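Quick note: to get the numbering used here, add 287 to the position in the sequence shown (first position is 1). No residue lacks a Cβ here, since even glycine has one placed at the ideal position from N, Cα and C. Only a predicted model underlies this, so the values are computations on that prediction, with no experimental measurement involved.
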Amino acid sequence: MSATVQSKILIVEDESIVALDIRRRVEKLGYRVTGMAVRAQQAMTLIESELPDIVLMDIHLNDAIDGIDVANAINEKYRLPIIFITAYSEDATMGRASQALPYGYLLKPFSERDLQAVLKISLERSKWDQKLQRSEARLKLAIDAANMGTWEIGERSGSTVVLANPIKHGDTQFSNWSEFRPLITARDRRRIDREINNLQNRLQDSIELEFEVDDARTGPSFYVLYGVADDQGERGTRDVLGVIQDITARKLAERELQQAALVFNSSSEAIVVTDQNLTVANANATFYQITGLTAVSVQGQPLDLLSAANIGQATREKMNAALAQGECWRGEVRAYRQDDQPFHALVNISRVASRANGPWQYVILISDISEMRRAQAELAYIAYYDTLTGLPNRHLFMDRLNMAIAHAARAKSRLAVLFIDLDHFKRVNDTLGHQVGDQMLRAIADRLQPVLRTSDTLCRIGGDEFIVIVDAFDTTDDLEALCRKIIEAVHQPMLLGKNEVTPGCSVGISIYPTDTDDKDDLVKMADTAMYSAKGLGRNCYAFYQPQMTQAVAHYLNREQELRHALQQRQFVLYYQPQFSAENQDIVGMEALIRWQHPEVGLLSAAEVIPVAENSSLIVDIGEWVIGEACRQYRIWVDKFGKNIRIAVNVSPRQLREPRFVSIVTNALKTSQMPGEFLELEVTESSLQNCEASLVALRRVESLGVTISIDDFGTGYSCMSSLKLLPIHRLKIDQSFVRDIPGDKNDCAIATAIIALGHQLELRVIAEGIESREQADFLRAAGCDEMQGYLLSVPLPPGDLAELLREHQQLEE
288 MSATVQSKIL
298 IVEDESIVAL
308 DIRRRVEKLG
318 YRVTGMAVRA
328 QQAMTLIESE
338 LPDIVLMDIH
348 LNDAIDGIDV
358 ANAINEKYRL
368 PIIFITAYSE
378 DATMGRASQA
388 LPYGYLLKPF
398 SERDLQAVLK
408 ISLERSKWDQ
418 KLQRSEARLK
428 LAIDAANMGT
438 WEIGERSGST
448 VVLANPIKHG
458 DTQFSNWSEF
468 RPLITARDRR
478 RIDREINNLQ
488 NRLQDSIELE
498 FEVDDARTGP
508 SFYVLYGVAD
518 DQGERGTRDV
528 LGVIQDITAR
538 KLAERELQQA
548 ALVFNSSSEA
558 IVVTDQNLTV
568 ANANATFYQI
578 TGLTAVSVQG
588 QPLDLLSAAN
598 IGQATREKMN
608 AALAQGECWR
618 GEVRAYRQDD
628 QPFHALVNIS
638 RVASRANGPW
648 QYVILISDIS
658 EMRRAQAELA
668 YIAYYDTLTG
678 LPNRHLFMDR
688 LNMAIAHAAR
698 AKSRLAVLFI
708 DLDHFKRVND
718 TLGHQVGDQM
728 LRAIADRLQP
738 VLRTSDTLCR
748 IGGDEFIVIV
758 DAFDTTDDLE
768 ALCRKIIEAV
778 HQPMLLGKNE
788 VTPGCSVGIS
798 IYPTDTDDKD
808 DLVKMADTAM
818 YSAKGLGRNC
828 YAFYQPQMTQ
838 AVAHYLNREQ
848 ELRHALQQRQ
858 FVLYYQPQFS
868 AENQDIVGME
878 ALIRWQHPEV
888 GLLSAAEVIP
898 VAENSSLIVD
908 IGEWVIGEAC
918 RQYRIWVDKF
928 GKNIRIAVNV
938 SPRQLREPRF
948 VSIVTNALKT
958 SQMPGEFLEL
968 EVTESSLQNC
978 EASLVALRRV
988 ESLGVTISID
998 DFGTGYSCMS
1008 SLKLLPIHRL
1018 KIDQSFVRDI
1028 PGDKNDCAIA
1038 TAIIALGHQL
1048 ELRVIAEGIE
1058 SREQADFLRA
1068 AGCDEMQGYL
1078 LSVPLPPGDL
1088 AELLREHQQL
1098 EE
């Protein structure tokens, strides 16, 4: 350092003469003296007022502490170069002085040449020390900024790693390797020990190891350890040093990038990255799978999927406007694959900045929703179309009726609703099976469509019910003509499997706005008119009349009354005796239900059975009838000591009831009635191709119960199947008895039934006998038993008991 720089010197000397001499010589050499101190406190005060470049320090001071202690205090606070000046050089003093790390040592007396040399050398050393300090400070800042710690291992530490700079982990600083090392995972810990050992033992020159710290408090962290060898010798172990850096943020970022890449490449959605002009920069594999395109044909090209040709010009403009505002855009497009196959896609476009203040990019997610749209179309079809016939269903019918009414209201025109219900369709299901029934419904739909106009709407609203919207007509004659066409088209023979069936239908008609302007009421009125057509004999049509609604209301009210009647025990059984044709003895009786109505009096079975059979009531009422008949049997047996056969009518619906056999069994058991004295009268349709009914009848037959066919001859069963059915008696329907002996056809039918029954070893009974001539004819034809008003009207149990008593006396 040049003297012209005027380096500053502080002199600490307790002898004033010596101090003045030193000052004179220092200034003579070109240095500036900042002050002279004789005590420690004075020296510290002068340093604080003006920091010197060098302190010339006398060791022996006339103070509580000596110059060595003052030097230590100055070093601790200011780190200034200190040169000791003293007349003493004993070992103890020199030993203490060396611990203060002085820059020089002048023994009194000393020459100006010695002073100049030591000052110049000390100032030069101070300059380099200051550079080194600044370099170390910058290195420490860099290490701290890089989240690093330093380490070394060598002669001073033996085989132990020393942390020269603390390792930061979470909120903790580790200054001791032995405390930090246990946090390292066991696998990585062994690897670090092995690699450092190799470095020490000249097996490698440097190491770079990543390792993981598993700390329950902070979670997983990641570090990298760098190390190099200080090769000062040729033999033995080498000193090793290096740094440890926290790379947790980098590793987590790498993991996020790996996950992002994994999502990008394995996503089931197509992902496309474009520049700000929607030119494709990258796309994942799913995009190429969906579109059938290749990377070569797509990358660097505008994304054709979002062209105006695919999404429309208006949509494209809306998309551009949204993207220009930095907003996301979401929409559905219909595009084409490479093979020209169309597909539906849901597109979501988001703008992201590629780098700070730089051009942005777009990330586009594309979902192939073709299957979803196809499924929606199928669901929409199922929701609005009948899957069996392909006709519009009830939901679509109501929509179209609403539109037709709105159109008629604007045009001030009329429209009609035709409610079509197949006649006796239930018999087809019961006898031929539901599969054949479905076949019949499809065939009916095919027959109806050709007879309708293109403006008319044909729908199937459920079961065997069809409905037609006649959008416009001139007169009611036109409607009648259309109904006749419909009935004629339906009433044509059709082959269902191996069976030929001639279906029929009944049609009800309601008119807008003549009958009502409400769509729901319009349908109800047509339905009501259809039931009226069935009441007229079926296979015909009827226009709605207001009184029809009253009849339907009466029917619904009657059903509720019957439920109440069953609960209140308002039903009673009357019994009509059955007589031997040979000797007029009472051989049995038929139980007939009556309703003791609390307001209108006694009502016949005609007021009970038709309503009950159209609901589940017939099962409950039938159970009561069987139980009551068996109970009455026990009363008569106990009273007269004679077994009497009692016949009970059973409907097809009762036979299909799973509890039917247990109902019969329990009734017999409760009344202690032998099965042979209970007769169940069933219709022909109950026995035709209905396996559940046949199984039920065979099971009750095993109880000894007699099975008879009621109203025989009115059904359409095959006569040859009678020998296979579980029956014991035939009952000639009164429709064949009524005109005997005047009607030759009825006489022939009755005679044939009797002959057929006898050939099959079945007993035959005729019902509805009201004249002597009828009785004589049937007796002569060989009929076994008779029943009718000529012989006895149905009687309540009390009156019948009197009749039984009379017959018992006659027999005696």
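Beta bridge counterpart(s) of residue i as assigned by DSSP
i, result
"L705", "V755 and I796"
"N689", "DSSP lists no partner for N689."
"V639", "Q648"
"G1044", "Beta-bridge pairing links G1044 to no other residue."
"H631", "R621"
"W616", "I636"
"H851", "In DSSP, H851 forms no bridge with anything."
"I933", "M876 and L965"
Sequence-distant residues of the same chain with beta carbon closer than 6 Å to residue i, five excluded per side
i, result
"E877", "Q863 and A934"
"A643", "Confidence at A643 is low in this model, with a pLDDT of 48, below 50, so the placement of that residue should be treated as unreliable; the coordinate-derived value is given next. For A643, where only same-chain residues beyond five positions count, there are no Cβ hits under 6 Å."
"I636", "W616, Y649 and I651"
"M817", "F706, D708, S793 and G795"
"E1100", "Only positions 288 to 1099 of the chain appear in the structure, and residue 1100 is not among them; the question remains open."
"V342", "L297, L367 and I369"
"T803", "L809"
Per-residue DSSP class, three states only, for residue i
i, result
"F509", "strand"
"G587", "coil"
"L889", "strand"
"P864", "strand"
"L879", "strand"
"H740", "Rather than His, the amino acid found at residue 740 in this sequence is Arg. Correct three-state label for R740: coil."
"V715", "helix"
"Q460", "strand"
"F947", "helix"
"R681", "helix"
"F760", "coil"
"A374", "coil"
"G1142", "Any property of residue 1142 remains undetermined from this structure, which presents the chain solely from 288 to 1099."
Whole-angstrom distance between residue j and residue i, CA atom to CA atom
i, j, result
"I1056", "R1025", "7 Å"
"Q726", "R714", "14 Å"
"D765", "L1082", "53 Å"
"S819", "F830", "9 Å"
"K806", "R946", "42 Å"
"F461", "F467", "6 Å"
"E272", "K821", "Because the chain here runs from 288 to 1099, residue 272 falls outside it and cannot be looked at."
"A664", "E614", "32 Å"
"T815", "T801", "16 Å"
"E910", "E971", "21 Å"
"D403", "D345", "Per the sequence shown, residue 403 should be read as Gln rather than Asp. When rounded, the distance between both Cα atoms is 17 Å."
Beta-carbon proximity list for residue i, same chain, < 7 Å, skipping 5 on both sides
i, result
"N488", "T524"
"I531", "M435, G436, W438, I454, Y510 and L512"
"R845", "V898"
"N571", "F551, N552, S554, A557 and I558"
"A670", "H682"
"S657", "F630 and H631"
"E495", "V511 and Y513"
"Y861", "L879, R881, P1081, L1082 and P1083"
Enclosing beta strand (DSSP E) for residue i [first to last residue]
i, result
"I1052", "R1050 to A1053"
"T993", "T993 to F999"
"L393", "G391 to L394"
"D350", "Taken as a continuous stretch (DSSP letters only), D350 belongs to no beta strand (DSSP E), as it is neither H nor E."
"E300", "From DSSP, E300 is part of no beta strand (DSSP E); its letter is neither H nor E."
Span of the alpha helix (DSSP H), counted from its first residue to its last, around residue i
i, result
"Y671", "S657 to Y671"
"I773", "T763 to V777"
"K806", "K806 to G822"
"D1071", "Segment: none, D1071 is in no alpha helix (DSSP H) and carries neither H nor E."
"I905", "L904 to F927"
"R856", "Where R856 is concerned, there is no enclosing alpha helix (DSSP H), given that its DSSP letter is neither H nor E."
"V325", "That residue, V325, is in no alpha helix (DSSP H); it is neither H nor E in DSSP."
"E900", "I896 to E900"
Contact set for residue i: own chain, Cβ-Cβ below 8 Å, skip 5 residues either direction
i, result
"N826", "D710, I774, H778, G791, C792 and S793"
"M781", "M727, A730, E787, V788, T789 and P790"
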